[in-house]
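Below: the structure, in structure tokens.
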Amino acid sequence: MGAADDKTAKKMAIRLGQAIRARRESVDLSQDELAWRAEVHRAYMGTIERGGQNITVFKLFQIARALGIKPSDILKDMNL
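So for the sequence shown, our numbering puts the first residue at 827; every next one is plus one.
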């Protein structure tokens with residue numbers, strides 16, 4: 827991957843994290859509770875929400891399920 831691709835990937839990870847955080851807050855869940863429901867470590871969830879981690883499709887599905895929504899709902903929230 828080139829530098830431009832790296833920047834694009836970072837921007838997408840940040841937007842995804844922001845979308846996840848917004849959904850979590852809209853249903854009044856703590857980060858700890860979402861992490862527990864999604865079966866990921868609390869610190870890892872924090873990294874995701876800060877955009878510090880490019881997650882797998884599987885993780886996206888786990889998080890969406892924990893929020894009670896479809897993965898596509900999170901992707902729509904990214905406003906790409």
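Cβ coordinates follow ideal geometry from the N, Cα and C atoms, glycine included. Please read all numbers here as calculations on a predicted model, not as lab measurements.
Kindly indicate which three-state DSSP category R876 falls into: helix, strand or coil?
Translated into the one-based positions of the sequence shown, residue 876 becomes position 50. Coil.
Mind listing, in chain order, the continuous alpha helix (DSSP H) runs of no fewer than 4 residues lying wholly within the region 837–890?
857–864, 868–875
Would the beta-carbon of A892 fall within 8 Å of that of R847?
The residue you call residue 892 lines up with position 66 of the sequence shown. The residue you call residue 847 lines up with position 21 of the sequence shown. No. Outside cutoff.
Kindly indicate which residue of L842, K836, D858 has the alpha-carbon position closest to the one of L901.
Reading the sequence shown from its first residue, position 75 is the one you call residue 901. Measuring from the Cα of L901, the nearest candidate turns out to be L842.
What did DSSP end up calling L906 once you bin it into helix, strand or coil?
As a first step, residue 906 must be located in the sequence shown, where it is residue number 80. Of the three classes helix, strand and coil, the one that applies to L906 here is coil, per DSSP.
To the nearest angstrom, report how far apart G872 and L860 are at their CA atoms.
Within the sequence shown, residue 872 is the residue found at index 46, counting from 1. Within the sequence shown, residue 860 is the residue found at index 34, counting from 1. Rounded to whole angstroms, G872 to L860 spans 10 Å at the Cα level.
Per DSSP, what kind of secondary structure is K833 in: helix, strand or coil?
Working through the sequence shown from its first residue, we reach residue 833 at position 7. Secondary structure of K833 (DSSP, three-state): helix.
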